[in-house]
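Chains as they are written, first to last, in the working numbering: chain P, 28 to 781; chain C, 1194 to 1351; chain E, 305 to 385.
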Amino acid sequence: MNFDPRYSGRNFTSVGTRPIRPDGVDKVTGRARYGADFNMAGQLVGRVLRSPHAHATIRKIDTSKAEKLAGVKAVITAADLPDLTDGDAAMYDILDNCMARKKALYDGHAVAAVAAVDARTARQALKLIEVDYEVLPHVTDVDEAMKHSAPLINDAIFTEGLEQKPVKPSNVTKRTQYGHGDIHEGFGQADFVVERSFKTEQTHQGYIEPHACVANVSSDGTADLWVCTQGHFVYRQHCAQLLGMEASKLRVTSSEIGGGFGGKTHVWAEPVALALSRKAGRPVKLVMTRDEVFRASGPTSATSIDVRIGARKDGTITAAEATLRYSCGPYAGTWAEIGAMTAFACYKLENVRTVGYEVLVNRPKTAAYRAPSAPMAAFAVESAVDELAKEIGMDPVEFRIRNAAQEGTRSSYGPVYGPIGIGPTLEAVKNHPHMKAPLGKNQGRGMACGFWFNFGGQTCTDLNIGMDGSVSLAVGTVDVGGSRASLSLVAAEELGIPYEQIKAVVADTSSLGYNDMTDGSRGTFSSSMATISAARNAIKVLRERAAQMWDIPVDDVVWEKGHAIAKGEKYDNLAALSLKEIAAASGKTGGPIAGHSELVADGAGVSFATHICDIEVDPETGSTRVLRYTVVQDAGKAVHPTYVEGQYQGGAAQGIGWALNEEYIYGKDGRLQNPGFLDYRIPVCSDLPMIDTQILEIPNPNHPYGVRGVGETSIVPPLAAIANAVSNAAGVRMTHIPMSPPRILAAIEAERGG
Amino acid sequence: MAGVAVSTTINGDNVEFLCQPDETLLDVLRDRLGLTGAKEGCGTGDCGACSIILDDRLVCSCLVLGAEAEGRHVETIEGMAHGDRLHPLQQKFLEHAALQCGVCTPGFLMAAKDLLAKNPDPTEEEIRFGLAGNLCRCTGYDKIVRAVQDAASVMKGA
Amino acid sequence: MVEVTLWGSLGAIAGGKSKVEIEAKDIRELFRKLAEQYPGLEPYIDRGIAVAIDGTIYRDTWSKELPEGAEIFLLPRLAGG
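In structure tokens, the structure reads:
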């Protein structure tokens, strides 16, 4: 079916309203079922044994004592998950991360697992497994890992992307470079140059729901998996490939998901649960503890970034350069590359060059975290931009407006931009009352910009019209933040019926075609496109049925406001037929009425945001308080504005935590010292003010309603906006995230002393 | 290990169960009684997702033993609505979109109910500190605070 | 004929060229001809590449037409949260 995804201006009836979400009542009454809320008859409890060492060769694992313990039904090691990845390096890394094969590569790396009749027996069994480790030297710091003297994590890794092929293995898996123009010439034209080095520490997505699943493998080779995930179809592919199953025989049902933010885009324990169930011949429930979530899932990269920016006296940036080093955990990734692509994406630059280094360290495998890699790069760049504005003597907003990218600008990562929202967000910030509010003693204001690509991808939607005229909408993108509400609004809009007449569900992998994950802010963008397409296909059938009921040619039937209307004077006597009336007759006019859509949603519009915040710093203790925070972001079109605001506020809050508190702290022994919410402190209610939002709508030309992704961009500016505010309040430039009280105090004291 | 026989009241109903001496009330509620509204986010009393009210006191049920429920009154999210009539806090959480993923929501609702029972007219600051034992990673708390403010004004008028 | 810009590491594999000219009407033909002319690119194409056409990023949608004179960039396929 031909579907035209291009934007066409229209007046909306449902889209843009704020109804109550369809899954809401279940979630306020405790009835909604998340990963750990599902049980099967005869189910066993699965538990994972994890390495206490940051880096160690596994000489031998003796499971015999554990196997003999009463109540233990299966014990597995890497031997029970043989390598079926057939040269697919990325899948091999996933397999090795699920269950260490030759070496344990980080504190928390899974080495064995048990399934037992209850949790106590399972815990006891873990203690009976004997692992003979040869402890190896480790490295957890990204800069240390790049040194020639650093312990090698994988001696088969030779840096890719160098002009000369390296002869020695390295912890740097890849070098990438982006940019255009001639930076030497550009810096030659500069009257002012700012050059700084920055560091950011590793953070975790911090979803409140730990990873949880129930796996049930039958002896006939079929299996069911209930799991909290951002992408049940992707989990099915990965699990099937790792276990040697046919994908269609593994049915994966996504539970309600208690937060993901990128952390539930990877399989961790699911292949282990399936392998346990296969061996035990019974269902296995595997739920991670919070300690395991911190030590073995997530996190984002720790980084070290150098930035140099030059500008003329008139405020025009002449050259910009950045070197970005991102930790990947012990497996190759593309995290620095994304940082290198996004670093200068907000600006119109003649001469720009970014270089990224992907660095292996003995930490958990880096996973995507909301606009992955962009916040750290933005922190470094936007800090330097602020400093440069100050040196020139320009207002930081004016300086950014002068250099902002616009339609037709060549982006720093290559392509030329279409219509974009960076300029409008800056203008909105310039005129925002927040920028003019007075500040008190020890208080500072900061602002910063952020960019994220947004994704599309494979998407599939079924829209079935019941005989009573109610509509069930089956989507394949997991609802992480209210997309069932927004997609119901889109279906209501397209069909011309009330929102309440639609029930949206997330279908399991056996009920719908393949869908990519809910990642890259794609949920509402992609599935709304498929929903519009499916609705239009259903309308075509509805028109045909109406034509049949009237016995007139279908070309004379149009669809308006939920009704079929016979067009032309000769049909004046025909009253419009409602969707309900057509549905009621469907049994006689050709059977069930439905619309389906399978498509690749492309052209997710890039998105920009500008944030403002006020911070108070206590110069005696280095402690901080967020006084006021404002988010301005382009949504393309806000389908359900309340949930768009929610995405803006949530991203800002995560960014505030990252900027001020959150970090992975490793001891000299390479063990994570704060794997719990008490010591890894995410923002609580009393840490934050209200977070004001302003939604801009610059339509995405590649979506019928102009929708862009909105989920991720809001975490990009906060690190920099807060760093700028703290720097202004404390009178010293902060270059290390998080800006915890000891770091701020040390910076203030160094400034005083120096 | 021998089980402990416990007789208690949950959401107004008399309930009897057997549990292990080291079993938490959260595990009893979830695994033995099928009341999965209380969630385990940490198991160490840091996140508040398992919040319940025990004899008019807000507690993390992961830090209470099942055996401690003997002779006491337990209130969980499952008992908050009256039949099909939602509690004003539940209604306002829906109207204000005070939840995204919703996994922290039962805990927040219990904490907010406890807060309003003790302080029917809290300031924004009192709400923020009153709910500081509950973690939410999705919303930034803005809409949660507004929902509680709105519910408080509705409940005062009722 | 379209001019295709290759990002950093891809350029090195295509004999150090950052831009190549290819006669191709759609993404499928572009990938096929790139792999023929620069065999080193094939594993990268198999792994998944995004194609930016006049600023809009497409995942590997084979049927997507390449307008004459369009600006084409090959980019890595990205991870998102």
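A virtual CB, placed ideally from N, CA and C, is assigned to each residue, including glycine.
Residue environment analysis places M494(P) among the exposed positions, since fewer than 16 neighbouring C-beta atoms fall within 10 angstroms of its C-beta. In this structure, V502(P) is the residue among V533(P), K226(P) and V502(P) with its C-alpha nearest to the C-alpha of S624(P). Contacts with chain P (Cβ-Cβ distance below 9 Å) from the segment 1322-1347 of chain C involve F1322, G1323, L1324, A1325, G1326, N1327, L1328, C1329, R1330, C1331, T1332, G1333, Y1334, D1335, K1336, I1337, V1338 and R1339, listed in chain order. Proximity of A1195(C) to chain P, defined by a Cβ-Cβ separation below 8 Å, is not satisfied. In the DSSP assignment, Q70(P) falls outside any beta strand (DSSP E), carrying neither H nor E. Close CB contacts of E1216(C) within its chain, under the 6 Å cut and outside five residues either way in sequence, are with G1259 (chain order). In this structure, G289(P) sits near Q232(P), with a CB-CB distance shorter than 8 Å. N481(P) is a Cβ neighbour of V633(P), given a cutoff of 8 Å. DSSP lists A431(P) as the bridge partner or partners of Y374(P). Across the structure, R570(P) and A602(P) are spaced so that their CA atoms are roughly 14 Å apart. The Cβ atoms of D629(P) and T365(E) lie closer than 8 Å to each other.
Of all residues in the segment 1227-1240 of chain C, only G1227, L1228, T1229, G1230, A1231, K1232, E1233, G1234, C1235, G1236, T1237, G1238, D1239 and C1240 come within less than 9 Å of chain P when Cβ atoms are compared, listed by chain position. Using a Cβ-Cβ cut-off of 9 Å, F1286(C) is close to G51, K54 and V55 of chain P, given in chain order. Residue nearest to A217(P) within the set L522(P), A242(P) and L415(P) is L415(P) (criterion: CA-CA distance).
In terms of Cβ geometry, G496(P) and A574(P) do not form a close pair [threshold 8 Å]. Close partners of V443(P) in chain E (Cβ separation under 8 Å): D358, G359 and E375. Around L1292(C), the beta-carbon contacts reaching into chain P at under 8 Å are G51, K54 and V55.
By the C-beta density criterion, A432(P) is buried, having at least 16 other C-beta atoms within 10 angstroms.
Using a Cβ-Cβ cut-off of 7 Å, P1299(C) is close to G57 of chain P, given in chain order.
Cβ-Cβ separation between S281(P) and H265(P): approximately 14 Å, too far for a contact (criterion under 8 Å). For T316(P), the closest Cβ of chain C is nearer than 8 Å.
Counting only runs of 4 or more residues that sit fully inside the segment 1209-1269 of chain C, no alpha helix (DSSP H) segment turns up.
Per DSSP, the unbroken beta strand (DSSP E) holding A621(P) starts and ends at I620 to A628. For A152(P), the closest Cβ of chain C is not nearer than 8 Å. Counted as a single uninterrupted DSSP element, the stretch harbouring M474(P) is not any alpha helix (DSSP H) but the beta strand (DSSP E) occupying residues Q470 to W479.
Of all residues in the segment 74-99 of chain P, none is placed with a Cβ closer than 8 Å to any Cβ belonging to chain E. Taking the Cα of V75(P) as reference, the smallest distance to any Cα among N701(P), N29(P), A302(P) and I184(P) is reached at A302(P). Looking only at N751(P), L514(P) and K567(P), the smallest Cα-Cα distance to S553(P) is reached by L514(P). Classified as exposed, P1214(C) has fewer than 16 neighbouring CB atoms from the shown chains inside 10 Å of its CB. Distance from A93(P) to I156(P) at the Cβ level is roughly 5 Å; contact confirmed, criterion being Cβ atoms closer than 8 Å. Remark: C-beta atoms of T1237(C) and R317(P) approach each other more closely than 8 Å. Within a 10 Å sphere around the beta-carbon of P298(P) sit 16 or more other beta-carbons, which makes this residue buried. In the structure shown, Q341(E) falls within a helical segment according to DSSP collapsed to helix, strand and coil.
With contacts defined by Cβ atoms closer than 8 Å, A183(P) and T452(P) do not form a contacting pair.
Bounds of any beta strand (DSSP E) do not take in P357(P), whose DSSP letter is neither H nor E.
Straight through space, the alpha carbons of T327(P) and R363(E) are spaced by roughly 24 Å.
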